[in-house]
Structure formats: structure tokens, C-alpha cells
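K.L.:
Take a look at the following structure, please.
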Amino acid sequence: MKRLYARWATFDTPARLLMVNQFAINLAFYMLMPYLADHLADGLGLAAWAVGLVLGVRNLSQQGMFLIGGTLADRYGCKPMILAGCALRTVAFVLLAVGQTLPSLVVASALTGLAGALFNPAVRAYLAADAGEERRVEAFAVFNVFYQAGILVGPLAGLALLAFDFTLVCFVSAAIFGVLAVLQGRALPARAPAGRPEGAAPRSVLADWRSIAADRPFLLFALAMSGSYVLAFQVYLALPLRAREVFGEQAGAVTALVFSVSALAALSGQLRLTAWAKRTLSGPRAIAGGLALMGMAFVPLVPAPTAGPTGRVAGAVALAGCAALLAWGGALLYPFEMDTVVRLSGDGLVATYYGAYNTVSGLVISCGNLLVGMVFDTGVGWLPWACLALTGLLCAASVLGLERSGHLRPAPVPAPA
786 MKRLYARWAT FDTPARLLMV NQFAINLAFY MLMPYLADHL ADGLGLAAWA
836 VGLVLGVRNL SQQGMFLIGG TLADRYGCKP MILAGCALRT VAFVLLAVGQ
886 TLPSLVVASA LTGLAGALFN PAVRAYLAAD AGEERRVEAF AVFNVFYQAG
936 ILVGPLAGLA LLAFDFTLVC FVSAAIFGVL AVLQGRALPA RAPAGRPEGA
986 APRSVLADWR SIAADRPFLL FALAMSGSYV LAFQVYLALP LRAREVFGEQ
1036 AGAVTALVFS VSALAALSGQ LRLTAWAKRT LSGPRAIAGG LALMGMAFVP
1086 LVPAPTAGPT GRVAGAVALA GCAALLAWGG ALLYPFEMDT VVRLSGDGLV
1136 ATYYGAYNTV SGLVISCGNL LVGMVFDTGV GWLPWACLAL TGLLCAASVL
1186 GLERSGHLRP APVPAPA
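In C-alpha cells:
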């Protein structure tokens, strides 16, 4: 904790504020979202398809609008988008508290996703600009510690509030976002839009999007890195399935343990891994090492689980080990990944690049999870874990290939017209 505070205190006030802001965002979000499905099904009595619709709309809204959010941040400034996203999520969570009908819940879910699409690219672009090229990697490392801390504390806070009522969870979450909007409106300095030279007229949105669509190094990097998001998502999909296979009705408690191990591993390892990687590795090699580690995380799960107490202990150790290795791999690559996106953007249209990057990742996650589910349905016990391990290794090899071919060199910054 002292080491984290010492690192955090070395940044300027805007960067420190954004880091604390991200903790509060994740605290409020994960305080509510893990329990939303149960509220919809048991509390409101919605059918399973309706629950899936509400949850799916949120994901589709956020992933589909990331590019729009990034574009708006580059045109009108990051601060307005951060404030708009926090305010919009305040409204969305109030609607989740009072909504009783499916249409109102779908609207609330869509607004929740849209809010994330507005502030996520803006926060990262603002932090990258404030930290500067020399400290970008370190800034994103500290940022990720606050990010993971919110994921860890949020569900625990929500569980405590659920002892009273789910409506209270929604109102507390909404209040946190409302306070964030007010505080950042007062304390976060406004910055000029970074997507064009000062005084120059903006290009059309379509022209900006076409330039990104034609940016082959960026697209190849985004596709290679999408595998990391598919692998990280297995904490929510594949690991609970293995927990159900090994522990049956006790799978819920084991899954909660897996989440805790994942968050604690990321919190404990982020700063040390980043400091080590900066001393010994280039950015692309740190990213490739993180991807390889994420792939190897699934190797302990390849052997079929065995019955009896010994098998359950071995199963719990394998699940916890997988979660820890996934978290450490993600912690190793994340700061360098965020820095590489900025470099590939040429320090221009950074928020738009982040938005496009998240949109590509979201699409690949959807397709990847579908494929993972299909592999599980084959009934071949070792096959899903082997495929996931191979995915990490192939993505690592792709990043190294991009480095060797020169695709990950910093893009030249275009001169003002």
C-alpha cells in the first residue's frame, strides 16, 4: 500500500484524480452488476430470455458505441465525455432501481452501456496525455491497480447492501456516479480536443474512421490482442463451468474464491511486474510474455478432474492457479498494451483509437466465447483448455511477429497542415 501511494503521489493532480475515479467507477459498477441477473429473475420474475436480453443490451450498447465515444472525446474534449458518462450512468442505475417493466429495464441497460462507452476511451486518452510519453506505462500500471481494487471491493460492498434491498444497491451505485460527475466537473481541468492541430478545422468523422480502418499495423495489433480479452473473460465462463463440474452445488463459493484470487493477484503483482518489465523487456516483448503466461494459465486444467476429497483439493488449486496466472499475465501486458495503442495512433485521435480498439476487442470476445462454448459442447474434456492455451501462445507469437516486421514502431506524428 505504501508503495502504491508513493507511486500515485508522483503524478499530477488530474492523473491522480482519474485513478481514484476509476476505482470508484468499478466499485459502483461491480457493486450492482453481479447481482442484477438474480434480481431480474427472482426479484422481478422475468423469464430467462428476458434476463438475457437485458444483460445483452448492456454489452452490445457499450461495445458498439466505444468508437462513437472515442470520436466525441477527440472532437469535444475528454472531460465532457467523462462527465456525461458518469451522469448518464447515474440516471441508468436509478432506472434499474425503479424499473419494473421490461422496456424500462432495457432502456436502463442500454444507457448503462452507453455511459461506459463515453467515459472509458476518454479516461484513457486523458491519462495518456497527462502522463506524457515518459511515464505512460507507469501511469497505466498504477491505474490498473485502482481498476482491479474496484473490482475486488465492489461485489463485497454490494453483498453487504443486499442484506437490506437490491434497490438500495442501485441508489448507492447511482449516488457514487453522481458524486463523481460533480467532483470531476469541479476538479478535473478541461483540455482542448487532441484530435487535430490547434486552430485547424476538424476532418469529417468518416475521414477519421477511414484512416483508422486503413491503419494496418493498428488493426493487426488489435486483432492479436483480442485473444487476451477472450482469455481473461474465461474467469466468467470457462472457470465457473469447471467449478460446477468439480464442486457441484458448492460451485458458487469456489467461483467467488476464483474472483478474489484474480483481483488480489493483479493488485499484488502489477507494480512489481511493470517495474521488472521496464528494466528487462521491450514493450512488445512484455506484451508477448503476458499473452504467453495467460495461455499457460489453462494448462493445469487440461487433466480431467478426479473424484473424492483429493480431487476437489486439486481442482480448487488448479482453478486458483489459473486465475492467478491470468491476472499476472494481464498485469504484465496491460500498461504496455495501452502505451502501444497511443504510439500507433501517432499521438493523434487517441480516444478514437482507444474506442476502435475496444470495439474490435468486444466483437472478438463475442465470437470467441461462442467458439469456447462450442468446444465445451464437444464433450472432450481436455480440448477447451488446450485450445485456450494455444490461443495465448498464438497471440504472443503474433505480437512478436508484428514487432519483427516493424509494425509496432511508433507511428510518425503528422505535421500540422
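Residue 930 in our numbering sits at position 145 of the sequence shown, and the numbers go up by one each step.
Glycine included, each C-beta is placed from N, C-alpha and C at the ideal position.
Owing to the predicted nature of the structure, the values given are computational and were not obtained by experimental measurement.
1. Using a Cβ-Cβ cut-off of 6 Å (strictly less than) and excluding sequence neighbours within five positions of L857, which residues of its own chain qualify?
2. Going by beta carbon distance, what residues of the same chain come within less than 7 Å of D797, once the five residues before and after it are set aside?
3. Distance check for L845 and A1171, CA to CA, integer angstroms please.
4. According to the neighbour-count rule (16 or more other Cβ atoms, all chains shown, within 10 Å of its Cβ), is F878 buried or exposed?
5. Say whether the region 1091-1105 touches the region 895-905, bearing in mind that this needs 3 or more beta-carbon pairs closer than 8 Å, one atom from each stretch.
6. By DSSP, does Q1019 sit in helix, in strand, or in coil?
7. For the candidate residues V1157, E1122, N811, L1117, whose alpha-carbon lies nearest to that of A934?
8. Closer than 6 Å by C-beta to P819: which residues in its own chain qualify, once you throw out the five before and the five after it? Chain order, please.
9. How many angstroms separate the CA atom of E1188 from the CA atom of L1178?
10. From N905 to Y1014, what distance separates their C-alpha atoms?
11. For K1205, collect the residues of the same chain with a Cβ closer than 6 Å to its Cβ; drop the 5 residues on either side in sequence, then sort them by chain order.
12. Grouping DSSP H, G and I as helix and E and B as strand, with all else coil, what is V927?
13. Quick one, which of C1180, I853, L881 has its alpha-carbon nearest D745's?
14. Hey, is A1062 close to the ligand SAM, as in C-beta under 7 Å from one of its heavy atoms?
15. Using only alpha-carbon positions, find the residue among A791, W1113, G830, G855 that is nearest to T886.
16. Express the C-alpha separation of L944 and P1025 in angstroms, rounding to a whole number.
17. Counting along the chain, where does the alpha helix (DSSP H) carrying V883 start and finish?
18. Measuring straight from C-alpha to C-alpha, what distance separates A1196 and Y1138?
19. Is it right to say A832 is buried, meaning 16 or more other beta carbons lie within 10 angstroms of its own, or is it exposed?
20. Just the C-alpha distance for L1129 and T1144, rounded to the nearest angstrom, thanks.
21. So G963 and L868 are in contact, right, with Cβ under 8 Å, and what is the actual spacing, rounded?
22. For E1034, count neighbouring Cβ atoms within 10 angstroms of its own Cβ and tell me buried if that reaches 16, exposed if not.
23. Is there contact between the region 1102-1111 and the region 997-1009, where contact requires at least three CB pairs shorter than 8 Å?
24. Between which two residues does the alpha helix (DSSP H) containing E1122 stretch?
25. Give me, in chain order, the residues of the same chain whose beta-carbon lies closer than 6 Å to that of G1140; leave out the 5 immediate sequence neighbours on both sides.
26. Please state the DSSP three-state secondary structure of L937.
27. In the structure shown, what three-state DSSP assignment does A907 receive?
28. Check each candidate in L880, E919, S1151 and name the one with the smallest Cα separation from A951.
29. For P1085, which residues in the same chain have their Cβ closer than 7 Å to its Cβ, ignoring the five residues on either side in sequence?
30. Can you check which of these residues, L953, Y1021, V967, T1065, is closest to F1044 by C-alpha distance?
31. Let me know the secondary structure DSSP gives L973 once reduced to three states.
32. Measuring CB to CB, does F931 end up less than 8 Å from M786?
33. By alpha-carbon positions, which one of G1012, V1039, V1087 ends up nearest to V1184?
34. For L1193, name the three-state secondary structure that DSSP assigns.
P.N.:
The relevant details are as follows:
1. M866
2. D915
3. Taking the straight line from one Cα to the other gives about 29 Å.
4. buried
5. Two segments are said to touch when three or more pairs of C-beta atoms, one from each, lie closer than 8 Å; by this definition the region 1091-1105 does not touch the region 895-905.
6. coil
7. N811
8. P940
9. About 15 Å.
10. 16 Å
11. No answer is possible for residue 1205: the residues shown for the chain start at 786 and end at 1202.
12. DSSP, read as helix, strand or coil, puts V927 in helix.
13. The first residue shown for the chain is 786 and the last is 1202, placing residue 745 beyond what the model contains.
14. Absence of the ligand SAM is noted for the structure shown, with no ligands found whatsoever.
15. G830
16. 19 Å
17. 863-883 is the span of the alpha helix (DSSP H), which, as asked, contains V883.
18. With a pLDDT of only 45 at A1196, under 50, the local geometry of the prediction cannot be trusted, and the value read off the model is given with reservation. Approximately 13 Å between the Cα atoms of the pair.
19. exposed
20. 16 Å
21. A Cβ-Cβ distance of about 11 Å is found for the pair G963 and L868, leaving them out of contact under the 8 Å criterion.
22. exposed
23. no
24. 1093-1130
25. F851, L852, G854, G855, P906
26. helix
27. helix
28. One point to set straight first is that residue 951 is Phe, not Ala, in the sequence displayed. For F951, the nearest C-alpha among the options comes from L880.
29. Once the five neighbours on either side are set aside, the close Cβ partners of P1085 are A1103, G1106, C1107.
30. Y1021
31. coil
32. no
33. G1012
34. In the structure shown, L1193 adopts coil according to DSSP, grouped into three states.
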